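Peer 1:
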Amino acid sequence: MDNLPIYIYLVFGLTVLVAVGLFYQATQRSKTFLVLAAGWLLFQAAMSLSGFYTVTNTTPPRVSLLLLPPLVMTIVLFTTTRGQRFIDTLNLNTLTLFHIIRVPVELVLYWLFVQKAVPELMTFEGRNVDILSGISAPIIYYLYFTARKVGKPVLIGWNVLCLGLLINIVTNAILSLPSVFQQFAFDQPNVAILYFPFILLPGLLVPLVLFSHLASFRQLLITRSTPATAH
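Here the working numbering = 1-based position in the sequence shown + 4.
1) Return the chain-ordered list of same chain residues with a C-beta closer than 6 Å to the C-beta of N61, the five sequence neighbours on each side being excluded.
2) Given 8 Å as the limit, is there contact between the region 66-80 and the region 153-169, that is, 3 or more CB pairs closer than that?
3) Rounded to whole angstroms, how far is the Cβ of L99 from the Cβ of F90, which I believe are closer than 8 Å?
4) Could you check if N194 is buried or exposed, using at least 16 other CB atoms within 10 Å of its CB as the buried criterion?
5) Are A196 and L116 touching if we call contact CB-CB under 7 Å?
6) For the alpha helix (DSSP H) that D92 lies in, which residues bound it at each end?
7) Touch check for the region 154-166 and the region 127-144: three-plus C-beta pairs under 8 Å?
8) What is the DSSP secondary structure of N97, reduced to helix, strand or coil?
9) Could you compute how far the alpha carbon of R131 sits from the alpha carbon of E124?
Dropping the structure here:
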């Protein structure tokens with residue numbers, strides 16, 4: 005992974021910074037979120053730079069340690085009173101706009117495919133059309149929050165479709181990893197996300213995208229009756 009063009013690292017690094025910044029805004033500038041995100045990022049950077057995730061013959065795969073802690077945190081937040089209060093304070097406008105980060109992520113995945121670091125099925129030339137989520141995010145943001153041209157069912161439906169696209173790429177990515185569970189892409193496995201900084205795709209960006217959808221569902225279906233004023 006040392007021979008990749010520098011622009012891939014730059015675009016991915018900027019995408020991570022924008023994602024953290026947008027989610028920070030969605031949390032009403034929560035310092036707790038920033039501390040947790042920075043600590044998690046530094047921990048995963050240290051783990052990946054040590055080569056921990058490049059060992060792929062373990063059961064369960066070591067890469068599962070990227071996904072399980074954020075998943076547990078998500079479950080805790082959605083099932084505790086304090087966590088639910090936190091979710092209900094998130095800014096739905098920003099949670100919706102947050103998904104624009106999926107455009108540069110898909111570009112990075114395509115460039116990694118060109119460099120033979122991920123399989124074609126993980127790109128928009130293969131089975132992954134998640135870039136549509138990022139392209140449509142500012143459009144749905146404008147129609148729902150600014151112009152008020154569409155109602156809550158449209159925003160809910162958009163979140164459902166985009167969540168489906170996320171599940172699709174995550175499933176294909178996991179089954180393309182060089183591990184005991186690999187089912188796809190044996191000629192070119194998904195090796196990029198075993199290395200820093202791309203380890204932050206499953207370790208940080210995917211959990212934030214998933215959480216944004218779930219938090220939006222809670223607000224739209226339980227706590228929010230009218231679209232918020234854009235800000």
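From the three backbone atoms N, C-alpha and C, an ideal C-beta is built for every residue, glycine too.
Values in this document were obtained by computation on a predicted structure and should not be read as measured data.
Peer 2: Well, looking at it:
1) The sequence position of residue 61 within the sequence shown is 57, counting from 1. Nothing meets the Cβ criterion.
2) no
3) Working through the sequence shown from its first residue, we reach residue 99 at position 95. Working through the sequence shown from its first residue, we reach residue 90 at position 86. With a Cβ gap of about 13 Å, L99 and F90 do not count as contacting.
4) Residue numbering aside, residue 194 sits at position 190 when the sequence shown is read from its first letter. That one is buried.
5) Walking along the sequence shown from the start, residue 196 turns up at place 192. Walking along the sequence shown from the start, residue 116 turns up at place 112. Cβ atoms of A196 and L116: closer than 7 Å.
6) Counting from 1 along the sequence shown, the entry for residue 92 is found at position 88. Taken as a continuous stretch (DSSP letters only), the alpha helix (DSSP H) holding D92 covers 85-93.
7) yes
8) If you number the sequence shown from 1, residue 97 lands on position 93. Three-state DSSP puts N97 in a helix.
9) Along the sequence shown, one-based indexing puts residue 131 at 127. Along the sequence shown, one-based indexing puts residue 124 at 120. Straight-line Cα distance between these residues: approximately 8 Å.
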